[in-house]
Each structure stands twice: as C-alpha cells, then as structure tokens.
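For reference, the structure is listed below as structure tokens.
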Amino acid sequence: MNKEAKLKKMNKEAKLKKMNKEAKLKKIILEILEEDSIALESPITRESHLKDHIGLDSLGLAMLTVKLEDEFGIDVFEDGLVFTVSDILDKLNG
0 MNKEAKLKKM NKEAKLKKMN KEAKLKKIIL EILEEDSIAL ESPITRESHL KDHIGLDSLG
60 LAMLTVKLED EFGIDVFEDG LVFTVSDILD KLNG
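Per numbering that gives the first Met the number 0, the sequence shown starts with residue 0, numbered consecutively.
In structure tokens, the structure reads:
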C-alpha cells in the first residue's frame with residue numbers, strides 16, 4: 000500500500016471514529032431522555048442546545064456527564080460549560 004492509500008485509509012478511519020462518537024453521544028442523550036420520560040420534539044443535531052432544544056435539566060446534564068465519562072473517559076464539563084451537542088463533540092474529539 001502506497002503512502003497516498005495509507006493516508007486515505009487513516010482519514011476514513013478517523014472520520015468513522017468521529018461518526019461513532021456522535022452516534023454514541025446521541026444514543027446516550029436519548030437514553031437519558033427516556034429515563035426521565037422527556038419527549039424529544041425534533042431530531043438531535045450538532046447544533047441542538049442541551050437545555051433549550053433537547054430539554055435536559057440540571058439532573059439530566061449531571062447524568063450526561065457521568066455517562067460520557069464512563070463511555071469516553073472524558074469530563075466534558077471539566078474546563079467549563081458546554082451548551083450544544085457540537086460543544087461536546089469538540090471536547091470528545093480533542
């Protein structure tokens with residue numbers, strides 16, 4: 000395999016890994032909403048605001064923090080607040 004093919008393969012793997020993080024994050028959010036019997040009014044997107052659009056309250060955000068740390072080993076709130084799905088993904092992708 001030449002250098003260009005290796006680079007393409009690495010880029011594809013990196014994109015897949017990022018997509019997997021996004022899918023896992025959305026799954027975790029949906030689990031929390033289900034546990035709290037919160038109905039989601041619109042699909043979760045990268046721009047979704049955790050409180051305003053998704054409907055997470057302080058307990059839901061605390062649960063999200065714990066579940067994300069368990070899944071990814073990262074405290075996304077360690078360096079300050081996050082407001083959107085994109086904010087969390089930025090921290091997960093470092």
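In this text, a Cβ means the ideal position worked out from N, Cα and C, and glycines have one as well.
DSSP three-state label for T64, please. helix
Note down the Cα distance separating N19 from L29, rounded to an integer number of angstroms. 15 angstroms
Do you know how far the Cα of K5 is from the Cα of L24? 29 angstroms
Could you tell me which residues DSSP pairs with H48 in its beta bridges? T83
May I ask you to report which of helix, strand or coil DSSP gives L39? coil
Integer Cβ distance of L49 from F82, believed to fall under 8 angstroms: 6 angstroms
Just verifying my parser: in three-state terms, what is the DSSP assignment at F71? helix
For V84, count neighbouring Cβ atoms within 10 angstroms of its own Cβ and tell me buried if that reaches 16, exposed if not. buried
Just to confirm, is the Cβ distance from L88 to E46 under 8 angstroms? no
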